[in-house]
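Structure first, commentary second.
2 protein chains.
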Amino acid sequence: MRFHHRGYVSGDPRVEPAAGVGIDRPEELPDAIDVLIVGTGPAGMITAAQLSQFPNVTTRIVERRSGRLEVGQADGIQARSVETFQAFGFAGRIIEEAYRITTMSFWRPDAADPSHIVRAKRTPDDPAGVSEFPHLIVNQARVQDYFAEFMANSPARLRPDFGLEFVGLEVADGGEHPVTVTLRHSSGPREGQTRTVRAKYVVGCDGARSAVRQAIGGTLAGDQALHAWGVMDVLTVTDFPDIRTKCAIQSQDGGSILLIPREGGHLDRFYVDLGEVSPDDHGAVRRTSIEEIIARANQIMHPYTVRVEHVAWHSVYEVGHRLADRFDDAPANGTSPRTPRVFITGDACHTHSAKAGQGMNVSMQDGFNLAWKLGHVLDGRSPESLLSSYAAERRVVAKDLIDFDKQWSTLMAAKPEALADPSELEDFYVKTFEFPAGFMTQYQPSVLVADPEHQACATGFPIGKRFRSAPVVRVCDANPAHLGHHARADGRWRIYAFADTATPGQPSALTDFAEWLAHSPDSPVVTHTPDGADVDAWFDVKVVYQQSFEDVDMSSVPEAFLPRIGPFGLVDYEKVYAVDPQQDIFELRGVDRGGAVVVVRPDQYVADVLPLTATDRLAAFFAPVFLTRGAAS
Amino acid sequence: MRFHHRGYVSGDPRVEPAAGVGIDRPEELPDAIDVLIVGTGPAGMITAAQLSQFPNVTTRIVERRSGRLEVGQADGIQARSVETFQAFGFAGRIIEEAYRITTMSFWRPDAADPSHIVRAKRTPDDPAGVSEFPHLIVNQARVQDYFAEFMANSPARLRPDFGLEFVGLEVADGGEHPVTVTLRHSSGPREGQTRTVRAKYVVGCDGARSAVRQAIGGTLAGDQALHAWGVMDVLTVTDFPDIRTKCAIQSQDGGSILLIPREGGHLDRFYVDLGEVSPDDHGAVRRTSIEEIIARANQIMHPYTVRVEHVAWHSVYEVGHRLADRFDDAPANGTSPRTPRVFITGDACHTHSAKAGQGMNVSMQDGFNLAWKLGHVLDGRSPESLLSSYAAERRVVAKDLIDFDKQWSTLMAAKPEALADPSELEDFYVKTFEFPAGFMTQYQPSVLVADPEHQACATGFPIGKRFRSAPVVRVCDANPAHLGHHARADGRWRIYAFADTATPGQPSALTDFAEWLAHSPDSPVVTHTPDGADVDAWFDVKVVYQQSFEDVDMSSVPEAFLPRIGPFGLVDYEKVYAVDPQQDIFELRGVDRGGAVVVVRPDQYVADVLPLTATDRLAAFFAPVFLTRGAAS
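In the order they appear, the protein sequences are chains R and W. First residue of the first sequence: 1, per the working numbering; consecutive thereafter. First residue of the second sequence: 1001, per the working numbering; consecutive thereafter.
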């Protein structure tokens, strides 16, 4: 956390100084804005939170409800989401209050007496150690609270506009604010009244029944709902010994339960199999009472009993797997495609079962992917063409998610005898863990992701996947650190220079690279950083030496890694790292001992890996990503 | 964090339900209260924070200033304090924003050219790994903010009463509220007006010039000030390579600097030696200008230069070591001593140099020691005699602190040639580290600390020292945990039962102990817990098994460790732990394989260690600590 560099900060350093549109921000929604976000679910809130870091961009987020969400349905937080929360500064706090999944138990009919269930297996939740972040369960309302706090503390001082419902929109062919949105006051003194807002861009984060999707002519396509589940959040007294462990429970008669303990030590979520639904059911299954769900749970868990003392929430749903035909409003396959003006994210794009705990997570990554691109375009850093990459990148992820969830929920609903092997369910869980943990996403080469020509320079940072952190030591204060955890959701590109073996300061490939980066007119930092801005305003440049911290003389570190910042021109010493000899990042991530450069996008995805000498390639990568300086200023 | 057990909690679970005096708490200071705390420094705030957990006790805390502290002087946070913050729920957040000390550098005149300083040595800050908590630097204002948040979120909804200055007090011989305190409005519309408040107890946390101390006839005694230091918090540009590392710097001419990097990445604190002060100086040294301090710093640090770009705060002080002759108002050595009604804490009791970073830390432990005792007495749990232990326990600590600080500041001020060995300073630092880290405090046997007859049952939990946590695994959810970190500052006594080797549930010493604890009329839990209260209301009872979590069957765990709590009679599963096989707590803390009981006070100090069979001793220990149940209700 950097503060005091503009003078002494007395209060909470998480509260950044207001800037730009955050100074005297109007309470009332203006008539013309840059970005209108519809919906304050996880996708909308992360989009707004990221945009709140761009104080030159007027972003507003509207919500039909009159205030904060009280009880949300989503609760699964995969490790990739916690990694994302780290960048937004609240990973530590949400971990403190969440339930943490470390193992999963699989219960099956006892071979000796199939009317009884027995614990067949217990597997670690993250068997391969794919992330240093935990897998959590916490109500989505709290996730939204933390994003709300972040955006309120950000320079743009963003706060949701509650009590405004999306009615419709029209996109004009030109003009500064081509999208005209009609909203209706859904509560308060003006309830029922409509108004219009003109926006440059609109982001629909308004859920599975998205009105924004409908407004751009999008539809969901996918399979029929065939299987029903009762879901309940309950306080119980039970003799079931694994009541505080995540469990998949399969009973003799084919019924199954997915049990997910919740935060706070006492609440549990049960997904109770209600069986196949006949095509002529016409929603009757949705009227299944809570008593029936509880009775069914007790049947499945025999010989254990579950006495429900309090029901916090319950529902019945049928599994549907559907994908939107479009993620934005750009004309499909036009000869001269216009860049998109309206986007949809999250459940508006993809719906599926809740049981893999994916929905909130994938939705947040949708928003994280889109928001920085909007910020860069509207801040004048980048061309509009960047925005086409949102649908291209996220539609693949959504498709993969739906395929995965189909497999998982089919397995969960299968009768034991229908499985090829009794352990098929747990084997699938262990084998595929990286996917639901959120780390299988790999964006394909594009203007924002380089081709993998030099992947060999750092095999542990796959191009197109998220930057996987590793331990290092900060040189200036010998603090142990996790390199990736210092990356904040501040919209900056990151350039990590991994040094070659030379003694710091001696002639070397690193020294040449640093000289080029700081001074060459071809350097992206020199070319693209606006005049008058701090040298680290758009690019966060760090170095990792192969030596241990005692052997790095700060006086010999090139100035590219010791930027002078702020009104006093202070040196930022926190860009210089050394290996942790116990856990050498060069070994852990397969970094070439001859050095490497790793380029990371603002949403934490690796954009390129290249040798220290490949300066032309680095310059060429950034050339189309940024507008020329002349155009930006 | 336990929540949802009384029904669904939608918001921040750190906000506990208001109870007792926290419901409809009056804004205005009442005429008659239980505890009046004078001063909102670290000692006062921790006292108030702890008492805010007792909703039957009316506590108010007054402060002369009209609002929150803007810039504090204290900044050193030893590991023991972070351990304490853990119990108050904000260790994680303060670690995030603090500077962390991991190493210390010692700079001395270069033997080759003594006009130049060189780095002579770099030592780890906690060479022996005495704590899992870090050593931090963060402004005391932020510490106070976090305590303020905790007390506002606690059942008693405690908030400071700003703009009220302590004028004087009188203690009557009897009556329900024997202390009459005169206060003056120091700001606001009633500025200058006085008023009186009647209190059962008063705690003076009003600093080195304590008016409360004066009111009870206390005086500070100690040595003369002989050595002056300039202190400045500054933003600099420098070529000194260790500017972000804690350094002791000694120059050829005997001048020295203690350099302490501050939070936020850029601010540094310099303690600059201004030399000995002649007895007829009459405070002239205190008029040393900031320019002179900066010039002196540059002299000492030659050949390096420090250009100060911004001064956040500076001061000049002379080291004084003084100890109060009394810590409370109880008549000294009276034949029938009355229990105390007025206490002083923190700087009101002990003043010393700032350079060992001790003041705020020892002051907070003063408050932590006193507050739960006040809470227990006023809640009707314990006899008034408990209150005499405050002065008895804390005066020894204050004396040790002053002795330590005298040695350290004398060494810091010594000319290189005056040292027996050039490395004397760093050797002292490494050798004595446990003291400044806050872990040398060991209370002597008393009604609150048992004699060490059975210390051999758990050699790693020394009786009278703070309970040193170790890793374990929570059985119900296989979560890795640190046993001591689950202890909250909730005023409860803790009883940790370390199991013998038997399989859980089988006849064993543990099973017998659990049966006795849950059911015997002699059990402290049975005898002292009030009727109608949850069984864990006053005693937090946990068990640690020697098996790994997979081998502990929750169905076989005795009910003493699975209490039923709250309106729904839910089972609390989070009291049952297993060893972490990689770091076996039995080995790490020398716990007898035959089992042991460790009794821990509400302020985290070990009160007794005893065998599982010593139930008579356990009952006898608690008998005088609690009033009988009849007297309490």
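Built from N, CA and C at the ideal position, the CB exists for glycine as well. This structure is a prediction, so every number in the text was calculated from the model and none was measured.
In chain order, 1239, 1241 make up the part of chain W whose C-beta sits under 8 Å from the C-beta of residue 555/R. Nearest CB-CB separation between residue 1100/W and chain R: below the 8 Å threshold. No residue range can be given for residue 157/R, since it is assigned to no alpha helix (DSSP H) and is classified by DSSP as neither H nor E. Rounded to the nearest whole angstrom, the CA to CA distance from residue 535/R to residue 1277/W is 47 Å. Beta bridge pairing from DSSP links residue 1350/W with 1323/W.
Proximity of residue 1177/W to chain R, defined by a Cβ-Cβ separation below 8 Å, is not satisfied.
Using a CB distance cut-off of 8 Å, residue 568/R counts as an interface residue toward chain W. Checking the DSSP bridge columns, you'll see residue 200/R has no partner listed.
According to the DSSP secondary-structure assignment, residue 256/R is paired through a beta bridge with 250/R. The segment 62-98 of chain R is shown to contain whole alpha helix (DSSP H) runs of 4 or more residues at 79-87, 91-97, in chain order. Here DSSP, grouped into helix, strand and coil, assigns residue 1193/W to coil. Only residues of its own chain outside the window of five on either side were considered, and among them 1079, 1082, 1095, 1100 have a CB closer than 7 Å to the CB of residue 1134/W, listed in chain order. Counting along the chain, residue 117/R sits inside no alpha helix (DSSP H); it lies in the beta strand (DSSP E) bounded by residues 117-124.
Contacts with chain R (Cβ-Cβ distance below 8 Å) from the segment 1180-1198 of chain W involve no residue at all. Non-local beta-carbon contacts of residue 1124/W in its own chain, meaning distances under 6 Å to residues more than five positions away in sequence, involve 1103 in chain order. Pairing residue 138/R with residue 91/R gives a Cβ-Cβ distance that is not under 8 Å. For residue 604/R, the three-state secondary structure derived from DSSP is coil. Straight across, the Cα-Cα distance linking residue 513/R with residue 471/R is about 24 Å. Closer than 8 Å to the CB of residue 153/R there is not a single CB belonging to chain W. For residue 492/R against residue 539/R, the beta-carbon gap comes to about 6 Å, under 8 Å, which counts as contact.
In this structure, the CA atom of residue 520/R is about 7 Å from the CA atom of residue 526/R. If you ignore the 5 residues before and after residue 1395/W, its C-beta comes within less than 7 Å of the C-beta of 1327, all in its own chain and listed in chain order.
With a threshold of 8 Å between beta carbons, residue 1009/W makes contact with chain R. The beta-bridge partner set that DSSP reports for residue 232/R consists of 270/R, 314/R.
Shortest Cα-Cα distance from residue 180/R to any of 528/R, 341/R, 489/R involves 341/R. Listed in chain order, the non-local C-beta contacts of residue 144/R below 8 Å within the same chain comprise 40, 41, 42, 45, 68, 69, 72, local neighbours out to five positions each way being set aside. Taken atom to atom, the span from the alpha-carbon of residue 1596/W to that of residue 1495/W is near 10 Å. Listed along chain R, the residues sitting closer than 7 Å to residue 1122/W by beta-carbon distance are 550. Here the segment 311-321 of chain R lies against the segment 278-296 of chain R, with 3 or more beta-carbon pairs under 8 Å apart. Between residue 1300/W and residue 1255/W the beta-carbon gap is near 4 Å, inside 8 Å, which marks them as a contact. Two segments are said to touch when three or more pairs of C-beta atoms, one from each, lie closer than 8 Å; by this definition the segment 1016-1023 of chain W does not touch the segment 1108-1124 of chain W. The beta-carbon distance between residue 1475/W and residue 1552/W, rounded to whole angstroms, is 5 Å. This is short enough to meet the 8 Å contact definition.
The continuous stretches of beta strand (DSSP E) do not include residue 1430/W, which lies in the alpha helix (DSSP H) extending over residues 1424-1431. Taking each of 1192/W, 1147/W, 1197/W in turn and checking the Cα distance to residue 1169/W, the smallest one comes out for 1197/W.
For residue 1540/W, the enclosing beta strand (DSSP E) begins and ends at 1539-1545. In this structure, residue 1235/W keeps its C-beta atom at 8 Å or more from the C-beta atom of residue 1258/W.
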